[in-house]
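Trainee:
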Amino acid sequence: MIYINNKTIKFLIKNISYILILTLLSNSFAWANAGNSNTMSNCLSPKSNFNDYIYGKNSETMGKIIRINNKIDNLNEEIKKLSNSKEQIFKDKNIYEWDIYGLRK
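In my numbering, the protein residues as written are 8 to 112.
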């Protein structure tokens with residue numbers, strides 16, 4: 008049997024927010040572990056390839072991701088070229104970017 012006195016009640020009232028937060032956290036961890044136990048065991052087993060879970064099990068998906076990354080790299084290179092050429096134009100003409108918008112030094 009649990010004996011509750013005034014000190015216990017004061018402690019509970021004083022720390023109710025911490026108790027609620029810890030209760031919610033423990034419940035969420037329990038649900039996450041119960042829901043994903045198969046996935047976690049598959050990821051941690053030595054036979055599985057962890058990259059399958061990052062990039063998708065389908066090799067076609069992996070290929071799409073690589074192609075998208077290559078396109079992004081190509082676009083980044085084009086952006087660098089354009090920004091360099093823009094800076095070169097401004098240097099050659101001895102004008103500043105803010106001159107275009109009518110703002111002088």
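In this text, a Cβ means the ideal position worked out from N, Cα and C, and glycines have one as well.
From a predicted model like this one, the values you see are computed outputs, not experimental measurements.
#1: Which class does ASN81 belong to by DSSP, given the choice of helix, strand or coil?
#2: Please classify PRO53: does DSSP put it in a helix, a strand, or coil?
#3: Under 6 angstroms from any heavy atom of the ligand GDP, does the C-beta of ILE11 make it?
#4: CA-CA distance, LEU82 and ARG74?
#5: Taking DSSP as the reference, what is the three-state secondary structure of SER76?
Mentor: According to the structure shown:
#1: helix
#2: Note on PRO53: pLDDT 48, under 50, position unreliable in the model; the coordinate value appears next. Note: PRO53 maps to coil in three-state DSSP.
#3: With respect to the ligand GDP, the structure offers nothing, as it holds no ligand at all.
#4: 12 angstroms
#5: With the sequence shown as reference, residue 76 is identified as Asn, and Ser is not the correct amino acid for it. It is helical.
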